[in-house]
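Visitor: I have a structure here, written as structure tokens, and I will follow up with some questions on it.
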Amino acid sequence: MTLKLPIYMDHNATTPMDPRVLDAMLPYFTEHFGNASSRNHSFGWAAEDAVDKARQQVASLINASPKEIIWTSGATESNNIAIKGAADMYAKQGKHIISAVHEHKAVLDPCKRLQREGYDVTFLEPGQDGVIYAEQVREAIRDDTILVSVMWANNEVGTANEIPEIGAICKDKGVLFHTDATQWVGKMPTDVEAAGIDLLSATAHKMYGPKGAGFLYVRRRKPRVRLAPIIEGGGHERGMRSGTLNVTGIVGLGAACEICANEMQSEAERLTALRDRLVDGITGQIETAVLNGHKTRRLPHTANISFPYVEGESLMMAMKEIAVSSGSACTSASLEPSYVLKALGAGDEIAHSSIRFGLGRFNTEEEVDYTVQQVVKSVNHLLAMSPLYDMVKEGIDLATVQWGAH
Amino acid sequence: MAYSGKVIDHYENPRNVGTLDKDATTVGTGVVGAPECGDVMRLQIQVNPDTGVIEDAKFKTFGCGSAIASSSLATEWLKGKTIHEAEDIKNTQIVEELSLPPVKIHCSVLAEDAIKAAIHDYEHKNGLEHDD
């Protein structure tokens, strides 16, 4: 089999749609195009039936009831509705929220807005392993805490937090628990009951479904969670998120969830093996390379590796046949390197040099081997050009060097 | 980010990568930038003490594609110039030659500073410092 280039290894950013998902969606663009809110004719009923089926498919993936699924445009919207909606609804009980410094911006920015509006937000800090532990949450909870929002798995490094343990503490203390499970759902077993989750955000395009369709799980019993809506209108989705339903997207999301549920175990095993092959291949040949975050508490498909003394963007340029993502500042307009890696205590030379490899359903062993070969070749090329690596080889401690201001 | 063909050419085929003896009196070394900013450039010139002509130039750069291309181009321009001519190289010329996008102008500034630092080091070693 010949290798098809370029190779896509950025599945944490987005996934290709599974052709089976597209097949499920197609009839709802043209034939069954009805508005799911139209109760008076068969076009509307067909759409409503499809949405009901999807609700079942999504709920079953996370062990929820279909009535607890709120459709949204994606995880960013789900996070906003959960955090701002809960803050607004429960403000009378307290104004303290707990989150973490290395959350996605879709959680951090709503939290920062609430701070400006007078809420008090505690941002927990992970250790070098990138994990938020339940004890940290227990210590941070106060009498006026109304919400804990901690992601299930980190999008940049792939490390998983102690979610069921955090859920148990929140239950014990009577505090609402939201988790941004965007990278986790569909990849790893998810049980909102067992994990004590009250609010959970996810999106279709991270699990081989379409972009623009996501959901928020909102617990209905023990406790019944109520949220003030951000988008108001026709009272769709139990009044929490109005707007005509994106029927095709929802059908795709449902189909994607069902495929994930059926194939999760074998896929996780396959991706874990591929990821380990990638990591071992790279770190075995480049002695400076470092895997970021906890060694084993991580998503099966994600590895974030730093290549000290080499800059991330130039490394991506060198291996242009491989689509990956870099935490390097030079890839963005700002000059700040990845805040996530900085939160893990990474030095600047590491934070500027990281590459995220996100494997997926259609990656092959052959692609992994080619990637390893390209990474090794490119890193060696850039190390030979690196003044920092020269200095280190001369025995100079880079931390003691007086750098010029720039 | 879409780079010009010239940046990609310098990145893929960098000119004059290497090291000169920094202790030699005929060599000037300039190291600028900082790891936390994501780029460090080391530029070295070998000067003929009789004529003041730069006979060789070498670089090593930790940084993005534009930083590597800017320093590679700088070494090409330095060779054959006198140190006084070299002092006149401006970052805007580098920006123009490589068609650097606005967010990468920083890389050209770094290259200009590295040239000046290398010349200064050579002059300092040889007691040739002058008031600007």
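Protein chains in written order, with the working numbering: chain C, 5 to 410; chain G, 1240 to 1371.
Note that the Cβ used here is the ideal one computed from N, Cα and C, for glycine as well.
All figures in this text were calculated on a predicted structure; none of them were measured in a lab.
1) Out of curiosity, what's the CA-to-CA distance linking G362 (chain C) and R225 (chain C)?
2) Quick check on the burial criterion: 16 or more other C-beta atoms within 10 angstroms. Buried or exposed for T1314 (chain G)?
3) State buried or exposed for N44 (chain C), treating a residue as buried only when at least 16 other CB atoms are found within 10 Å of its CB.
4) Taking only beta-carbon positions, decide if K1329 (chain G) is within less than 8 Å of chain C.
5) Out of G:P1253, G:P1274, G:N1252, which has the shortest C-alpha to C-alpha gap to Q406 (chain C)?
6) Out of C:G190, C:G238, C:G162, C:A157, which has the shortest C-alpha to C-alpha gap to H182 (chain C)?
7) Alpha carbon to alpha carbon, how far is T1258 (chain G) from A388 (chain C)?
8) Thinking just about the alpha-carbon of each residue, which of G:L1337, G:A1306, G:F1301 is nearest to the one in P312 (chain C)?
9) According to DSSP, is I201 (chain C) helix, strand or coil?
10) Is the Cβ of R1254 (chain G) closer than 8 Å to any Cβ of chain C?
11) Distance check for P1288 (chain G) and P1340 (chain G), CA to CA, integer angstroms please.
12) Under 6 Å Cβ to Cβ from E262 (chain C), same chain only, skipping five residues before and after it: list those, please.
13) Looking at chain G, is there any beta carbon in it that lies within less than 8 Å of the beta carbon of P10 (chain C)?
14) Return the first residue and the last residue of the beta strand (DSSP E) that R360 (chain C) is part of.
15) Look at the alpha carbon of T404 (chain C) and the alpha carbon of P391 (chain C), and state the distance between them as a whole number of angstroms.
16) Beta-carbon of S310 (chain C) versus every beta-carbon of chain G: anything under 8 Å?
17) A58 (chain C) to K116 (chain C), Cα distance in whole Å?
18) Which residues bound the beta strand (DSSP E) around D147 (chain C)?
19) D14 (chain C) versus chain G: which residues are under 8 Å apart at the beta carbon?
20) Taking all protein chains shown into account, do 16 or more other C-beta atoms lie within 10 angstroms of the C-beta of A198 (chain C), making it buried, or fewer, making it exposed?
21) Roughly how many angstroms lie between the CA atoms of L65 (chain C) and I254 (chain C), to the nearest whole one?
22) Quick check on D1278 (chain G): does DSSP put it in helix, strand or coil?
23) Taking just the CA atoms, how far does G288 (chain C) sit from G1277 (chain G)?
24) How far does the alpha helix (DSSP H) with K1299 (chain G) in it extend, from its first residue to its last?
25) What residues in the region 1306-1334 of chain G bring their beta carbon closer than 9 Å to a beta carbon of chain C?
26) When the distance is taken between beta carbons, is S82 (chain C) closer than 8 Å to S205 (chain C)?
27) On the three-state DSSP scale, how would you describe L1339 (chain G)?
28) Going by DSSP, what residue range makes up the beta strand (DSSP E) through V125 (chain C)?
29) Beta-carbon separation of G1269 (chain G) and A1356 (chain G) under 8 Å?
30) Whole angstroms are fine: how far does the CA of P10 (chain C) sit from the CA of L26 (chain C)?
31) Does the separation of the CB atoms of V344 (chain C) and V161 (chain C) fall below 8 Å?
32) Does the region 1248-1262 of chain G come into contact with the region 1328-1336 of chain G, if we say contact requires no fewer than three beta-carbon pairs (one atom in each stretch) closer than 8 Å?
33) Listed in chain order, which residues of the region 1269-1303 of chain G have Cβ atoms closer than 9 Å to some Cβ of chain C?
34) So is T1258 (chain G) in contact with chain C if we call contact Cβ pairs under 8 Å?
35) Does the beta carbon of Y1250 (chain G) come closer than 8 Å to any beta carbon on chain C?
36) Quick one: is E315 (chain C) near chain G, going by C-beta distance under 8 Å?
Guide: Considering the structure as presented:
1) If you number the first sequence from 1, residue 362 (chain C) lands on position 358. If you number the first sequence from 1, residue 225 (chain C) lands on position 221. When only Cα atoms are considered, G362 (chain C) and R225 (chain C) end up about 36 Å apart.
2) The sequence position of residue 1314 (chain G) within the second sequence is 75, counting from 1. Answer is buried; the Cβ neighbour count reaches 16.
3) In the first sequence, counting from the first residue as 1, residue 44 (chain C) sits at position 40. It is exposed - the Cβ of N44 (chain C) has fewer than 16 other Cβ atoms within 10 Å.
4) The count along the second sequence starts at 1 and reaches residue 1329 (chain G) at position 90. Cβ-Cβ to chain C under 8 Å: no for K1329 (chain G).
5) As a working note, residue 406 (chain C) is residue 402 in the first sequence. Checked all of G:P1253, G:P1274, G:N1252; the closest Cα to Q406 (chain C) is G:P1274.
6) Within the first sequence, numbered from 1, the residue matching residue 182 (chain C) stands at position 178. Among C:G190, C:G238, C:G162, C:A157, the Cα nearest to that of H182 (chain C) is on C:A157.
7) Within the second sequence, numbered from 1, the residue matching residue 1258 (chain G) stands at position 19. Within the first sequence, numbered from 1, the residue matching residue 388 (chain C) stands at position 384. Computed Cα separation, rounded: 11 Å.
8) Counting from one through the first sequence, the residue named residue 312 (chain C) turns up at place 308. Taking only the C-alpha atoms, the option nearest P312 (chain C) is G:F1301.
9) Here residue 201 (chain C) refers to the residue found at position 197 when the first sequence is read from its first residue. Three-state result, I201 (chain C): coil.
10) If you number the second sequence from 1, residue 1254 (chain G) lands on position 15. Output row for R1254 (chain G): interface = no.
11) On the second sequence, residue 1340 (chain G) is found 101 positions in, with the first residue counted as 1. On the second sequence, residue 1288 (chain G) is found 49 positions in, with the first residue counted as 1. Their Cα atoms are separated by approximately 38 Å.
12) Within the first sequence, the letter at position 258 stands for residue 262 (chain C). Closer than 6 Å at the Cβ level, and outside the excluded window around E262 (chain C), lie Q61.
13) Taking the first residue of the first sequence as 1, we reach residue 10 (chain C) at position 6. So, not an interface residue.
14) Residue mapping note: residue 360 (chain C) aligns to position 356 of the first sequence, counting from 1. For R360 (chain C), the enclosing beta strand (DSSP E) begins and ends at 358-362.
15) On the first sequence, residue 404 (chain C) is found 400 positions in, with the first residue counted as 1. On the first sequence, residue 391 (chain C) is found 387 positions in, with the first residue counted as 1. Approximately 15 Å, taken between the alpha carbons.
16) On the first sequence, position 306 is the one that residue 310 (chain C) refers to. No, no contact with chain G.
17) The residue labelled residue 58 (chain C) in the question sits at position 54 within the first sequence. The residue labelled residue 116 (chain C) in the question sits at position 112 within the first sequence. Cα-Cα distance, rounded: 34 Å.
18) Along the first sequence, one-based indexing puts residue 147 (chain C) at 143. First-last for D147 (chain C): undefined, no H or E at that position.
19) For this step, residue 14 (chain C) is matched to residue 10 along the first sequence. Against D14 (chain C), chain G offers no close residue; the least beta-carbon distance is about 16 Å (beta-carbon pairs closer than 8 Å).
20) As a first step, residue 198 (chain C) is located in the first sequence; it is residue number 194 there, counting from the start. Flag for A198 (chain C) reads exposed.
21) One-based indexing of the first sequence puts residue 65 (chain C) at position 61. One-based indexing of the first sequence puts residue 254 (chain C) at position 250. For L65 (chain C) and I254 (chain C), the distance between alpha carbons rounds to 14 Å.
22) Locating residue 1278 (chain G) in the second sequence gives position 39, where the first residue counts as 1. Looking at D1278 (chain G) - three-state DSSP - the assignment turns out to be strand.
23) In the second sequence, counting from the first residue as 1, residue 1277 (chain G) sits at position 38. In the first sequence, counting from the first residue as 1, residue 288 (chain C) sits at position 284. C-alpha separation (whole angstroms): 26 Å.
24) One-based indexing of the second sequence puts residue 1299 (chain G) at position 60. It is not in any alpha helix (DSSP H) - K1299 (chain G) instead sits in the beta strand (DSSP E) that spans 1293-1301.
25) From the region 1306-1334 of chain G, only A1306, I1307 have a Cβ closer than 9 Å to chain C.
26) As a working note, residue 205 (chain C) is residue 201 in the first sequence. As a working note, residue 82 (chain C) is residue 78 in the first sequence. For S205 (chain C) and S82 (chain C), yes; Cβs fall inside 8 Å.
27) As a working note, residue 1339 (chain G) is residue 100 in the second sequence. Looking at L1339 (chain G) - three-state DSSP - the assignment turns out to be coil, as it is neither helix nor strand.
28) In the first sequence, the residue the question calls residue 125 (chain C) occupies position 121. Here the beta strand (DSSP E) through V125 (chain C) covers 124-128.
29) For the purposes of this step, residue 1269 (chain G) is taken as the residue at position 30 of the second sequence. For the purposes of this step, residue 1356 (chain G) is taken as the residue at position 117 of the second sequence. Contact check for G1269 (chain G) against A1356 (chain G) passes: the beta carbons are separated by less than 8 Å.
30) Counted from its first residue, the first sequence places residue 26 (chain C) at position 22. Counted from its first residue, the first sequence places residue 10 (chain C) at position 6. Their Cα atoms are separated by approximately 23 Å.
31) By one-based count along the first sequence, residue 344 (chain C) stands at place 340. By one-based count along the first sequence, residue 161 (chain C) stands at place 157. Taking C-beta atoms as the reference points, V344 (chain C) and V161 (chain C) count as a pair closer than 8 Å.
32) Cβ pair count under 8 Å is below three, so no.
33) Listed by position along the chain: V1270, V1271, G1272, A1273, P1274, E1275, C1276, G1277, D1278, V1279, M1280, R1281, F1298, K1299, T1300, F1301, G1302, C1303.
34) The residue labelled residue 1258 (chain G) in the question sits at position 19 within the second sequence. Taking Cβ atoms only, chain C reaches closer than 8 Å to T1258 (chain G), which makes this a yes.
35) The residue given as residue 1250 (chain G) occupies position 11 in the second sequence. It does; some Cβ of chain C falls within 8 Å.
36) To locate residue 315 (chain C), count along the first sequence from 1; it is residue 311. True, the Cβ-Cβ gap to chain G drops below 8 Å.
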